[in-house]
Amino acid sequence: MAKCLVVYASKYGSTKEVAQAIADGLGADIASAANDPDVRPYDLVVIGSPIYGGDYLEPVKDFLRANKPYLAKRKIAAFITAAAHWQRSPGLTGEEDELLFTQQEYADGLARLSGSDCVDCRGFGGRLIPQDLDDADRGMLEWFYHFLMHEPLQGFDLLDLPSAYRWGEELREVVGG
Ligand SMILES: Cc1cc2nc3c(=O)[nH]c(=O)nc-3n(C[C@H](O)[C@H](O)[C@H](O)COP(=O)(O)O)c2cc1C
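Encoded structure:
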């Protein structure tokens with residue numbers, strides 16, 4: 003049976019919950035990217051990051067840089083969590099539109115960053131609870147909502163853990179039971 007590892011970064015916990023659901027569906031071990039897990043015992047490494055300011059969290063980028071030669075010899079899969087409703091919409095044009103990517107584009111980008119053969123990548127809805135945010139994040143998001151979304155900062159909970167679990171099961175099929 004293929005040995006699988008889910009590696010994630012998460013600032014406020016939602017990506018960790020998605021990572022755990024994927025690991026449960028896949029029958030995988032799970033590790034935080036910040037702990038720089040050893041990927042060598044694994045056949046498949048699933049890498050996950052939330053999107054912050056259009057980018058992936060630093061511990062995931064560090065993990066990918068540090069493990070490039072090992073990951074190149076393994077199968078990988080990638081997932082992201084993000085705010086689905088910040089994606090391109092008919093109401094957004096020009097500069098605003100260029101700042102926003104679809105969840106699938108972000109997930110594809112993470113797979114490319116790994117430099118490895120990706121068996122599948124997936125975007126999941128994340129979660130944002132304004133009262134939990136630290137001052138820097140709240141300030142940044144208040145600005146973002148005001149200038150780009152033209153509305154006050156709003157929380158959301160788009161977590162769909164059953165879908166994440168099912169994706170884990172699908173990955174298990176891809177890597178051969
Ligand atoms: C400061 C900040 C910046 C964010 N930037 C983006 C972004 O650029 N695009 C997006 O789709 N979602 C963005 N989000 C939403 C997060 O990706 C989403 O809330 C995610 O679930 C957070 O993951 P975590 O709970 O694991 O930290 C942002 C959230 C915060 C708090």
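Under this note's numbering, think of the first position of the sequence shown as 3, with each following residue one higher. C-beta atoms are modelled at their ideal positions from N, C-alpha and C, and glycine is treated no differently. Computed from a predicted structure; not experimentally measured.
Near ligand 1: residue i beta-carbon under 7 Å from a heavy atom
i      : result
Ser165 : no
Lys203 : This structure gives no information on residue 203, because the portion of the chain shown stretches from 3 to 179.
Leu115 : no
Arg129 : yes
Ala85  : yes
Lys18  : yes
Arg150 : In the sequence on display, residue 150 carries Leu and not Arg. Not under cutoff, so the answer is no.
Leu135 : yes
Pro52  : yes
Leu155 : no
Met3   : no
Leu112 : no
Asp139 : yes
Gly170 : no
Leu143 : yes
Gly29  : no
Gly1   : It is not possible to answer for residue 1, since the shown part of the chain is limited to 3 through 179.
Three-state secondary structure (DSSP) of residue i
i      : result
Pro52  : strand
Ile78  : strand
Val121 : strand
Tyr72  : helix
Tyr14  : coil
Asp136 : coil
Sheet register partners of residue i (DSSP bridge)
i      : result
Ala33  : Val9
Thr83  : Pro52 and Phe126
Leu46  : Cys6 and Lys77
Asp40  : BP columns for Asp40 are empty, so no partner.
Phe158 : Leu130
Asp57  : Tyr54
Contacts around residue i, its chain only, beta-carbon distance under 8 Å, and the 5 residues preceding and following it disregarded
i      : result
Ile24  : Val8, Ala30, Val48, Gly50, Phe81, Ala166, Tyr167, Trp169, Gly170 and Leu173
Pro132 : Arg140, Leu143, Leu155, Gln156 and Gly157
Cut-off 7 Å between Cβ atoms - residues of its own chain near residue i, not counting five sequence neighbours on either side
i      : result
Gln186 : The structure shown does not extend to residue 186, since the chain spans only 3 to 179, so no value can be given for it.
Asp110 : Cys123
Residues near residue i by beta carbon distance below 6 Å, same chain, minus five either side
i     : result
Gly56 : none
Ile53 : Ile82, Ala84 and Tyr108
So, does the stretch 15 to 29 touch the stretch 139 to 151, judging by three or more C-beta pairs under 8 Å? Output reads no: the stretch 139 to 151 does not touch the stretch 15 to 29.
Given 8 Å as the limit, is there contact between the stretch 146 to 163 and the stretch 71 to 79, that is, 3 or more CB pairs closer than that? no
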